[in-house]
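Asks:
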Amino acid sequence: MSARERILRLLSDGLPRSLDEIAKDLKDVSRGRILNLLHILWRDQVVLRSEKPLYINGVRRYLYMIAGKPGVVKVNGMRFLPYNPDLIDVRGRRGRVSKLELVRRFLRDHVGQAFFATEVKEILKERGITQSDVMNAARKGRASRNILVFGYRMKDGRETPFQRGFLLTWIPKDMPRDEAVRYAVRVCRKRLMEEGEESGAFMNVRRIRDEVIVATERGSIVSVARLRDKLKLTKTQMDSLLSKIRRLYDDICTISIMGQSYLYHASLDENLLKAAVKAEEERLARLKSKMYRISHNWEACVEWFVEKLTPNARFWEQKHRTSAMDARRITIRLIKPIRGRRRVAEVDRVWEVDHGPLTPKTIYVLECKWGLIRRRDLEEFFDILRYSKEFGADSPDGRVVKQGVIGVFAGGAFNSSEKVVVNGVELSLAKYAARLNIQLITAAKLNGILHEHGVPRKVTVQKICKRAKNESDVRQILDKIWNDPSRAGVMLRNLG
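For the sequence shown, this note's numbering assigns the number 144 to the initial residue and increments by one for each residue that follows.
1. Do you know how far the Cα of Glu-489 is from the Cα of Val-551?
2. Output the distance between the C-alpha atoms of Ile-620 and Tyr-575, rounded to the nearest integer angstrom.
3. Can the beta-carbon of Phe-557 be found less than 8 Å from the beta-carbon of Ile-624?
4. Sort Val-216, Ser-155, Leu-243 by Cα distance to Thr-273 and report the nearest one.
5. Take every Cβ of the segment 520-535, pair it with every Cβ of the segment 475-494, and state whether three or more of those distances are shorter than 8 Å.
6. Have a look at Asn-347 and Leu-374 and give me their C-alpha separation to the nearest angstrom.
7. Using 8 Å for Cβ pairs, my map puts Val-246 next to Ala-280. What's the rounded Cβ distance?
8. Looking at C-alpha atoms only, which residue of Lys-609, Thr-505, Ile-177 is the closest neighbour of Arg-457?
9. Measure the Cβ-Cβ separation of Thr-303 and Cys-331 and say whether it is below 8 Å.
10. Using 8 Å as the cut-off, can you tell me whether the segment 600-612 makes contact with the segment 424-443, which would need three or more C-beta pairs spanning the two stretches below that distance?
11. Closest to Pro-228 by CA distance: which of Leu-151, Gly-541, Asp-394, Arg-270 is it?
12. Taking the continuous alpha helix (DSSP H) assigned at Arg-429, which residues delimit it?
13. What is the C-beta distance between Ile-400 and Val-420, in whole angstroms, given that I count them as a contact (C-beta under 8 Å)?
14. What does the alpha-carbon distance come out to for the pair Val-263 and Glu-424?
15. Should Leu-197 be labelled buried (16 or more other beta-carbon atoms within 10 Å of its own) or exposed?
16. If you draw a straight line from the alpha carbon of Ser-155 to that of Leu-267, how long is it in whole angstroms?
17. Distance, Cα to Cα, Arg-600 vs Asp-491?
18. Rank Lys-512, Gly-483, Val-548, Val-254 by C-alpha distance to the C-alpha of Val-493 and give the top, closest one.
19. Give the DSSP-derived three-state secondary structure of Tyr-207 in the structure shown.
20. Fully enclosed by the segment 529-615, which alpha helix (DSSP H) runs are 4 residues long or longer?
21. Considering only their Cβ atoms, is the gap separating Ile-395 from Arg-361 smaller than 8 Å?
22. Out of Asp-171, Ser-173, Tyr-207, Asp-163, which has the shortest C-alpha to C-alpha gap to Leu-151?
23. I think Ala-368 touches Gly-308, with their Cβ atoms under 8 Å apart; what is that distance to the nearest whole Å?
24. Under 8 Å by Cβ, that's how I've got Leu-589 and Val-604 pegged, so tell me the actual separation to the nearest angstrom.
25. Distance check for His-408 and Asn-613, CA to CA, integer angstroms please.
26. Among the residues of its own chain, which have a CB less than 6 Å from the CB of Leu-593, if the five just before and after it don't count?
27. Sort out for me which residues DSSP pairs Ser-466 with in a bridge.
28. Let's test the definition: count the other Cβ atoms within 10 Å of the Cβ of Leu-500 and tell me whether it reaches 16, buried, or not, exposed.
29. If we ignore side chains and look at the alpha-carbon of each, how far apart do Leu-406 and Asp-540 end up?
30. Give the DSSP bridge partners of Tyr-407, in chain order.
31. Provide the residue span of the beta strand (DSSP E) that contains Met-221, from first to last.
32. Alpha carbons only, please: which of Ser-538, Val-508, Trp-513 is nearest the one belonging to Phe-524?
33. Would you report the Cα separation of Glu-317 and Tyr-295, rounded to the nearest angstrom?
34. Indicate the three-state DSSP secondary structure (helix, strand or coil) for Thr-359 in the structure shown.
35. The alpha helix (DSSP H) that contains Trp-185, what's its start and end?
36. Looking only at DSSP bridge pairs, what is Thr-379 linked to?
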């Protein structure tokens, strides 16, 4: 009896069987020959095959049964179908149209259009195409240089899919290769911009591009920091947008000036670009000089209040290599690098307060910063204190700030919206500073002291720091205002 007849005899009871079950009874026939005979019997309409395969021990297996009446047969909830070329898994080039060919044919028939991978799957799902089939076809199409797979390029060069998957488009064959690839890229970018009509991120991308084009017409460049403030974005969000812009537009260029990033259009004349860069360098130099002056004025302002309100305070002094550096700025030694500071760090002021013979003295270490203070500023200051030889000490729990040393952070303002989560508890920045044993001094607190002394409310320490030429001016105007509060407004107008 032939192997074909033995298979039919085994299936004659009408029960579905898999290749493994048939092979157990036909031990002298190879599994490959049995599978080939089953395919021939199915093609000859002698047997039916299950619509979907079963996975037995992780192996994909179809079930076969003898064909009785013509058409689809349902057994135990499973459909058994007669032969149909479209149902054939054509890997190895068996059958007429493979899943790979279906995806390739779809993209080829829609040359000049780009589709997200999920779109292709939805369109072809009635033909049995899954997401993995689409991406398998995309990978093979990219390898054979027929399909362009367009994704989001990360900073490290890796390409990741968009929210709806990679963009896929057919590379035309009726034009030179380089031109065809550029055309396919333009098709994908156009589709991305069309998709971005309803996307907030792409709306911001367009706004940034518009700003760059307008600036180019004026012969200028655009500051990334200003764009970020204008769009009310975080640094992370802005970096993400810039990555998208570089991916979408080859004509948007980036340049760095004194550590600041700027954008300009590639069509900007070279001479105009040089002039714009020079003008921005001069502006940044002026701004840096102004901020340097204001920052030092703020240090002098805080120092004046400490001296005025703490009569028994004794400030530390230190000789420096240059006389231009304030002797009250103290350089301390670090046992480990702290955010760019390798061996030493500077603190703005250090003073001692002696409470008497029965209590130990307290050392206050001051850090000043003009502007908005964030969590990372507090943590950096705390690390400088505990990892310094002067103010830090070892403990069973690691480095700590010595007993009797208190950090004081003076800032223009503290970010009230920033929250810190510690052991599952949400804390404000002020409460977090208290946990670090850091006292906060704000401009508002100093203004309150002035106003309680009788100084008009329109006179503020911010205005004094901005208008004073140097630290000496700050001390002099504060002395005069304190001694004659009624004339504070006139003194402020005459300042600078």
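We put the beta carbon where it would ideally sit given N, CA and C, even for glycine. Only a predicted model underlies this, so the values are computations on that prediction, with no experimental measurement involved.
Replies: Well, looking at it:
1. In the sequence shown, residue 551 corresponds to position 408, counting from 1. In the sequence shown, residue 489 corresponds to position 346, counting from 1. Here the alpha carbons of Glu-489 and Val-551 stand approximately 14 Å from one another.
2. Within the sequence shown, the letter at position 477 stands for residue 620. Within the sequence shown, the letter at position 432 stands for residue 575. Taking the straight line from one Cα to the other gives about 34 Å.
3. As a position in the sequence shown, residue 557 is number 414, starting the count at 1. As a position in the sequence shown, residue 624 is number 481, starting the count at 1. No, these two residues do not count as a Cβ contact at 8 Å.
4. Taking the first residue of the sequence shown as 1, we reach residue 273 at position 130. It is Leu-243 whose Cα lies nearest to the Cα of Thr-273.
5. Under the 8 Å Cβ criterion, the segment 520-535 counts as touching the segment 475-494, having at least three qualifying pairs.
6. Here residue 347 is taken as the residue at index 204 of the sequence shown, counted from 1. Here residue 374 is taken as the residue at index 231 of the sequence shown, counted from 1. So the alpha carbons of these two residues sit roughly 8 Å apart.
7. As a working mapping, residue 246 is identified with position 103 in the sequence shown. As a working mapping, residue 280 is identified with position 137 in the sequence shown. Contact between Val-246 and Ala-280 is confirmed by a C-beta separation of about 4 Å, below the 8 Å threshold.
8. One-based indexing of the sequence shown puts residue 457 at position 314. Looking at the Cα atoms, Thr-505 is the closest of the given residues.
9. For this step, residue 303 is matched to residue 160 along the sequence shown. For this step, residue 331 is matched to residue 188 along the sequence shown. In this structure, Thr-303 lies away from Cys-331, with their beta-carbon atoms at least 8 Å apart.
10. Taking 8 Å as the limit for Cβ pairs, the verdict is that the segment 424-443 does touch the segment 600-612.
11. Against the sequence shown, residue 228 aligns to sequence position 85. Comparing Cα-Cα distances from Pro-228 to each of Leu-151, Gly-541, Asp-394, Arg-270, the minimum goes to Arg-270.
12. Within the sequence shown, residue 429 is the residue found at index 286, counting from 1. Start and end: 413-452.
13. Start at 1 with the first residue of the sequence shown, and residue 400 comes out as number 257. Start at 1 with the first residue of the sequence shown, and residue 420 comes out as number 277. At roughly 6 Å, the Cβ-Cβ gap stays under 8 Å, so Ile-400 and Val-420 are in contact.
14. Against the sequence shown, residue 263 aligns to sequence position 120. Against the sequence shown, residue 424 aligns to sequence position 281. Going by the C-alpha atoms only, they are around 51 Å apart.
15. Working through the sequence shown from its first residue, we reach residue 197 at position 54. Flag for Leu-197 reads exposed.
16. Here residue 155 is taken as the residue at index 12 of the sequence shown, counted from 1. Here residue 267 is taken as the residue at index 124 of the sequence shown, counted from 1. Ser-155 and Leu-267 have their C-alpha atoms roughly 37 Å apart.
17. The sequence position of residue 600 within the sequence shown is 457, counting from 1. The sequence position of residue 491 within the sequence shown is 348, counting from 1. Looking at the two C-alpha atoms, the distance is approximately 28 Å.
18. Position 350 of the sequence shown, counted from the start, is the residue given in the question as residue 493. Minimum Cα distance to Val-493 is reached at Val-548.
19. For the purposes of this step, residue 207 is taken as residue 64 along the sequence shown, with counting starting at 1. In this structure, Tyr-207 counts as strand in the three-state DSSP scheme.
20. The qualifying runs are 572-578, 586-595, 604-610.
21. Here residue 361 is taken as the residue at index 218 of the sequence shown, counted from 1. Here residue 395 is taken as the residue at index 252 of the sequence shown, counted from 1. In this structure, Ile-395 does not lie closer than 8 Å to Arg-361 by Cβ.
22. Taking the first residue of the sequence shown as position 1, residue 151 is located at position 8. Closest option to Leu-151, judged by alpha-carbon separation, among Asp-171, Ser-173, Tyr-207, Asp-163: Tyr-207.
23. In the sequence shown, residue 368 corresponds to position 225, counting from 1. In the sequence shown, residue 308 corresponds to position 165, counting from 1. No, Ala-368 and Gly-308 are not in contact; Cβ-Cβ is about 34 Å, not under 8 Å.
24. Working through the sequence shown from its first residue, we reach residue 589 at position 446. Working through the sequence shown from its first residue, we reach residue 604 at position 461. Rounded, the Cβ-Cβ distance is 5 Å, consistent with contact.
25. Walking along the sequence shown from the start, residue 613 turns up at place 470. Walking along the sequence shown from the start, residue 408 turns up at place 265. The alpha-carbon atoms of Asn-613 and His-408 are separated by roughly 41 Å.
26. Here residue 593 corresponds to residue number 450 of the sequence shown, with the count starting at 1. Excluding five sequence positions before and after Leu-593, none of the CB atoms of its chain fall closer than 6 Å to its own CB.
27. By 1-based counting over the sequence shown, the position of residue 466 is 323. In the DSSP output, where bridge partners are listed per residue, Ser-466 has none listed.
28. Counting from one through the sequence shown, the residue named residue 500 turns up at place 357. Rather than Leu, the amino acid found at residue 500 in this sequence is Pro. With a threshold of 16 other beta carbon atoms within 10 Å, Pro-500 falls short and is exposed.
29. Your numbering for residue 406 matches position 263 in the sequence shown. Your numbering for residue 540 matches position 397 in the sequence shown. C-alpha separation (whole angstroms): 48 Å.
30. Looking up residue 407 in the sequence shown gives position 264. Per DSSP, the beta bridge partners of Tyr-407 are Cys-396.
31. What you label residue 221 is simply residue 78 of the sequence shown in a count that begins at 1. Run containing Met-221: 221-224, per the beta strand (DSSP E) assignment.
32. Reading the sequence shown from its first residue, position 381 is the one you call residue 524. Comparing Cα positions, the closest option is Val-508.
33. Indexing the sequence shown from 1 puts residue 317 at position 174. Indexing the sequence shown from 1 puts residue 295 at position 152. Correcting the residue identity first, residue 317 is Asp in this sequence and not Glu. In this structure, the straight-line span from the alpha carbon of Asp-317 to that of Tyr-295 is close to 28 Å.
34. As a position in the sequence shown, residue 359 is number 216, starting the count at 1. When secondary structure is reduced to three states using DSSP, Thr-359 falls in the helix class.
35. Counting from one through the sequence shown, the residue named residue 185 turns up at place 42. Going by DSSP, Trp-185 is part of the alpha helix (DSSP H) stretching over 174-186.
36. Counting from 1 along the sequence shown, the entry for residue 379 is found at position 236. DSSP lists no partner for Thr-379.
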